[in-house]
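Numbers 1 to 177, taken from UniProt numbering, label the letters of the sequence shown in order. Here is the structure we will look at.
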Amino acid sequence: MNLFSNNNPSVQIPLVLHLATEIPASLSFLLAPRAQLPSASRDATLILRNFGGSLLSTNLLCLGFLFWSGSRSRSRSRSSSSATIGKDHDHGHGHDGRDDGHEDDVLAGLILLSLASYHFWPIWRAWDRMSRSLSSADSKGKDVDVKSNKVLGGPKVHFVVHVVCLVVLVVGGVMNL
Numbered sequence: 001m002n003l004f005s006n007n008n009p010s011v012q013i014p015l016v017l018h019l020a021t022e023i024p025a026s027l028s029f030l031l032a033p034r035a036q037l038p039s040a041s042r043d044a045t046l047i048l049r050n051f052g053g054s055l056l057s058t059n060l061l062c063l064g065f066l067f068w069s070g071s072r073s074r075s076r077s078r079s080s081s082s083a084t085i086g087k088d089h090d091h092g093h094g095h096d097g098r099d100d101g102h103e104d105d106v107l108a109g110l111i112l113l114s115l116a117s118y119h120f121w122p123i124w125r126a127w128d129r130m131s132r133s134l135s136s137a138d139s140k141g142k143d144v145d146v147k148s149n150k151v152l153g154g155p156k157v158h159f160v161v162h163v164v165c166l167v168v169l170v171v172g173g174v175m176n177l
């Protein structure tokens, strides 16, 4: 049995990369929101946990899609082939003449592009944090390395990881449209 039902690497790789990036982030926001924002008020902490829950929901969506989409295509093709034995049928094509899996590919592409759009925001946040750190260092004449900037690797790591995620998700999304 294959781990993933969707055997398309242009779908699997971006989803697994998104999961690998966002599972630690979601857990950090859910379980340790003050690591992200040390002086957060109670209301801000609740908002951070809400954000962690939103990230967790995208992770569950990714897991569900990884395990579900290909199995749906296979069961649909099995049922259509057994129901059409001895009858005139469309030889595994949908009503529009495309392969039955095309709808799943388009859905995968749209999901990947949707997830890609999320990654703009952590990139922007990391860029802003790096810019503020540089301007603070320039004004003080030294390198500033604030410990709160080092959550899950700090802004430089966040920037690189999210740019890679964005590119991989966009490429995978476009390949499946």
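The C-beta atom is built at its ideal place from N, Cα and C for all residues, glycine as well. Since the model is a prediction, treat every value here as computed from it, not as a measurement.
DSSP-derived helix/strand/coil call for residue i
i: S136; result: helix
i: L115; result: helix
i: N176; result: coil
i: S57; result: helix
i: S39; result: coil
C-beta contact flag for residue i and residue j at 8 Å
i: L162; j: H119; result: Here the sequence assigns His to residue 162, which means Leu is not the residue at that position. Result yes, Cβ atoms of H162 and H119 sit closer than 8 Å.
i: G173; j: I13; result: no
i: residue 178; j: A25; result: Outside the shown range of the chain (1 to 177) lies residue 178, about which nothing can therefore be said.
i: A108; j: L169; result: no
Contacting residues, own chain, Cβ-Cβ under 7 Å from residue i (five flanking each side not counted)
i: A44; result: L37
i: A35; result: S28, V151
i: I111; result: F65
i: L55; result: E22, A25, S26, F29
Same chain, Cβ closer than 6 Å to residue i, five either side skipped, listed in chain order
i: V16; result: none
i: P33; result: T45, L48, R49
i: M175; result: S10
i: residue 197; result: Absent from the structure is residue 197, since the part of the chain shown begins at 1 and ends at 177.
Neighbourhood of residue i by C-beta distance below 8 Å, restricted to the same chain and skipping five residues each side
i: D156; result: Per the sequence shown, the amino acid found at residue 156 is Lys instead of Asp. So the list reads A126, M130, once near-sequence residues are dropped.
Is the stretch 26–34 close to the stretch 119–133, with three or more CB pairs under 8 Å?
-> no
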